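*Asks:* In the numbering used here, the protein residues as written are 787 to 943.
All C-beta atoms, glycine included, are put in the ideal place defined by N, C-alpha and C.
Please read all numbers here as calculations on a predicted model, not as lab measurements.
Once you've had a glance at the structure underneath, I'll fire off some questions.
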């Protein structure tokens, strides 16, 4: 299936496209290299999403470019495809983009990194409503998105 937005891949840079809501969060999730390795493994095996309360059905057990994942939160279907992956000694993560049927249209990245001795999760996203129900939800939808990001961080801790 094609992505439900364009341009694809903008979370890999610092300039996001016009017409999208931008969301950035960075939070400490641990300390030291052992916590970084644990957080990276949790992230790259979809367990962060499951730990945040989503039901996860992924096309592969590990995240890789092109992998498709269908998450569910209650009645919501959340289909995505991985756009890019980073795997470096002090930084690991990925971004996925929305597919048709996702409540939003856009992209979200999740990167864990070692900053001194602190392990941080950085989440960046650009999105706009992808379904009528999301448009009608307005600020409530944005609240739900921020709440989900907090749940992701909690799952990595």
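(1) Determine, using beta-carbon pairs with one atom in the segment 871-883 and one in the segment 894-910, whether at least three such pairs fall under 8 Å.
(2) So, helix, strand or coil for residue 798, using DSSP?
(3) From residue 847 to residue 840, what distance separates their C-alpha atoms?
(4) Compute the distance between the beta-carbons of residue 806 and residue 914, then report whether it is under 7 Å.
(5) If distances are taken between C-alpha atoms only, which option among 873, 863, 869, 849 comes closest to residue 886?
(6) What does residue 816 pair with, by DSSP beta-bridge criteria?
(7) What three-state label does DSSP hand residue 881 in the structure shown?
(8) Going by C-alpha distance, which of 889, 859, 888, 893 is nearest residue 868?
*Replies:* With the given structure in hand:
(1) Contact holds: three or more Cβ-Cβ distances are below 8 Å.
(2) The sequence position of residue 798 within the chain shown is 12, counting from 1. In this structure, residue 798 counts as helix in the three-state DSSP scheme.
(3) Position 61 of the chain shown, counting from 1, holds the residue named residue 847. Position 54 of the chain shown, counting from 1, holds the residue named residue 840. Straight-line Cα distance between these residues: approximately 15 Å.
(4) Position 20 of the chain shown, counting from 1, holds the residue named residue 806. Position 128 of the chain shown, counting from 1, holds the residue named residue 914. Yes, they are a contact pair.
(5) On the chain shown, residue 886 is found 100 positions in, with the first residue counted as 1. For the residues 873, 863, 869, 849, the minimum Cα distance to residue 886 belongs to 863.
(6) Here residue 816 refers to the residue found at position 30 of the chain shown. BP columns for residue 816 point to 905.
(7) Taking the first residue of the chain shown as position 1, residue 881 is located at position 95. Reduced to three states, the DSSP call for residue 881 is strand.
(8) Within the chain shown, the letter at position 82 stands for residue 868. When only C-alpha atoms are compared, the closest one is 893.
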